[in-house]
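Colleague: Residue numbers (this note's numbering): 49 to 258.
We treat Cβ as the ideally placed atom computed from N, Cα and C, and that holds for glycine.
Because the structure is a prediction, the values reported are computed rather than measured.
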Amino acid sequence: MNELLVRIISGLVMIGVALAAAFEGGDFFALLVAAVATAMFWEWWTLTRSWGPRWTVGGFVYALLPAISLLWIRERDARGVDLLLWVFIVTWATDIGAYFVGRAIGRMKLAPSISPGKTVEGLIGGVIAAALFGGAWVIYLDLSRILLILAPLFALAAQGGDLFESWIKRRVGVKDSSHWLPGHGGLLDRLDGLVPVAVLTALVQLSGLA
């Protein structure tokens with residue numbers, strides 16, 4: 049099967065599971081988040097276990113903080129699911145926009161020593177996609193207007209998270225964090241952008257701005 053088709057089908061399945069868990073909330077969402085965080089930590093440990101205990105502790109925090117953030121966002125109030133879906137939309141739009149724009153017109157390398165496939169054009173495409181789709185969700189559901197400004201900024205954070213995980217893989221000398229997800233690699237490969245977006249959104253919500 050064509051690699052892009054496998055990637056699309058696998059991505060749609062993951063999106064479907066994430067949306068079902070988000071709408072269900074409660075124990076189902078909590079168990080899924082806990083399972084994913086555990087798998088993320090396992091992948092991190094597999095990659096960095098020879099780097100010393102500080103990296104192990106760092107990986108635990110790296111997996112724990114977004115898990116707590118997602119649970120906080122979803123369960124804090126009645127509109128938590130709307131904000132949680134905004135987190136997903138911004139992250140997914142960034143990833144998808146960067147991927148397809150980069151493939152279509154990407155020429156200028158963003159960080160060739162870390163991730164040779166990423167381009168400046170892809171970065172811009174991801175930011176624009178996050179601003180458009182995240183902004184549309186904000187307007188449609190009448191969420192806090194601060195999110196209109198934060199969508200493109202968090203898109204940059206998401207791509208920063210992607211580059212950070214790419215740097216770890218480059219240092220280890222592997223292409224993917226694992227091989228669990230057909231066409232996508234591992235959970236760290238798919239959720240590296242969600243980590244900063246989830247944590248930053250939880251902080252914004254905690255501050256009362258969203």
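Would you list the one or two residues that DSSP bridges to residue 167?
Modeller: 157, per the DSSP bridge assignment.
Colleague: Taking the continuous alpha helix (DSSP H) assigned at residue 210, which residues delimit it?
Modeller: Note, residue 210: alpha helix (DSSP H), 194-220.
Colleague: Can you look up residue 191 in the DSSP assignment and give me helix, strand or coil?
Modeller: DSSP places residue 191 in coil when its eight states are reduced to three.
Colleague: Please determine, among 248, 228, 257, the residue with the shortest C-alpha to C-alpha distance to residue 59.
Modeller: Ranking 248, 228, 257 by Cα distance to residue 59 puts 228 first.
Colleague: Could you pull out every unbroken alpha helix (DSSP H) segment of at least 4 residues lying fully inside the region 74-109, listed in chain order?
Modeller: The region 74-109 contains these whole alpha helix (DSSP H) runs: 74-96.
Colleague: Going straight from the alpha carbon of residue 168 to that of residue 184, what length do you get?
Modeller: One C-alpha to the other measures close to 24 Å.
Colleague: Kindly give me the distance between the Cβ atoms of residue 129 and residue 202, rounded to whole angstroms, as I take these residues to be in contact under 8 Å.
Modeller: That belief does not hold up - the Cβ atoms of residue 129 and residue 202 are roughly 18 Å apart, past 8 Å.
Colleague: Which class does residue 19 belong to by DSSP, given the choice of helix, strand or coil?
Modeller: Nothing in the structure corresponds to residue 19, since the chain is present only between 49 and 258.
Colleague: In three-state terms, what does DSSP make of residue 59?
Modeller: Looking at residue 59 - three-state DSSP - the assignment turns out to be helix.
Colleague: Give me, in chain order, the residues of the same chain whose beta-carbon lies closer than 8 Å to that of residue 111; leave out the 5 immediate sequence neighbours on both sides.
Modeller: The residues are 85, 86, 88, 89, 92.
Colleague: Note down, in chain order, each residue of its chain lying with its Cβ closer than 6 Å to the Cβ of residue 114, except the 5 sequence neighbours on either side.
Modeller: Correct list, in chain order: 243, 246, 247.
Colleague: For residue 107, is the classification buried or exposed, using 16 other Cβ atoms within 10 angstroms of its Cβ as the cut-off for buried?
Modeller: It is buried - the Cβ of residue 107 has at least 16 other Cβ atoms within 10 Å.
Colleague: Report the residue from 166, 159, 196, 193 whose alpha carbon sits nearest the alpha carbon of residue 149.
Modeller: Looking at the Cα atoms, 166 is the closest of the given residues.
Colleague: Measuring alpha carbon to alpha carbon, tell me which of 121, 144, 142 ends up nearest residue 133.
Modeller: The option with the nearest alpha carbon to residue 133 is 121.
Colleague: Would you check if the region 183-199 and the region 146-161 touch, i.e. whether three or more CB-CB distances between them fall below 8 Å?
Modeller: No contact exists between the region 146-161 and the region 183-199.
Colleague: Just how far apart, CA to CA, sit residue 98 and residue 218?
Modeller: Approximately 15 Å between the Cα atoms of the pair.
Colleague: Evaluate residue 66 with the Cβ neighbour count: other Cβ atoms within 10 Å of its Cβ, from every protein chain shown; 16 or more gives buried, anything less gives exposed.
Modeller: It is buried - the Cβ of residue 66 has at least 16 other Cβ atoms within 10 Å.
Colleague: Look at the alpha carbon of residue 257 and the alpha carbon of residue 136, and state the distance between them as a whole number of angstroms.
Modeller: Those two C-alpha atoms are separated by around 19 Å.
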